[in-house]
Amino acid sequence: MQFKVTYARYFADRRRLEFVATGERNGCLFTVVTDVICLKEPRTPENIHLVALARLTEIFRRRSASGF
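Going by the working numbering, the sequence shown opens with residue 38, and the numbers climb by one from there.
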């Protein structure tokens, strides 16, 4: 899976990172808009990328409505 975080914003009062990621997985293009709870503020682009990677891995591990 290759992806790029195109937008990210951290809400300190709710400890949530909101982000948009676009990329490719198994030959298909995707755009994901989601948020995730963080114990600490992700201060660097590398930290944001790692948080996004963990969340995307979780999302793509789920079965889809079509059963694939």
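Even glycine gets a Cβ: it sits at the ideal position worked out from N, Cα and C.
Cβ separation of residue i and residue j, assumed to be a contact under 8 Å, to the nearest whole Å
i: T59; j: K41; result: 6 Å
i: Y47; j: E78; result: 5 Å
i: V57; j: V70; result: 5 Å
Straight-line Cα distance separating residue j from residue i
i: T94; j: N84; result: 15 Å
i: M38; j: R98; result: 12 Å
i: L76; j: L66; result: 30 Å
Beta bridge counterpart(s) of residue i as assigned by DSSP
i: L115; result: Absent from the model: residue 115. The displayed extent of the chain is 38 to 105, so no value can be given.
i: V42; result: A58
i: L93; result: Partner(s): none; L93 has no beta bridge.
DSSP-derived helix/strand/coil call for residue i
i: R98; result: helix
i: H83; result: Note that residue 83 is Glu in the sequence shown, not His. Residue state, collapsed to three classes: helix.
Any non-hydrogen atom of the ligand GTP closer than 7 Å to residue i Cβ
i: E55; result: You won't find the ligand GTP in this model; it holds no ligand whatsoever.
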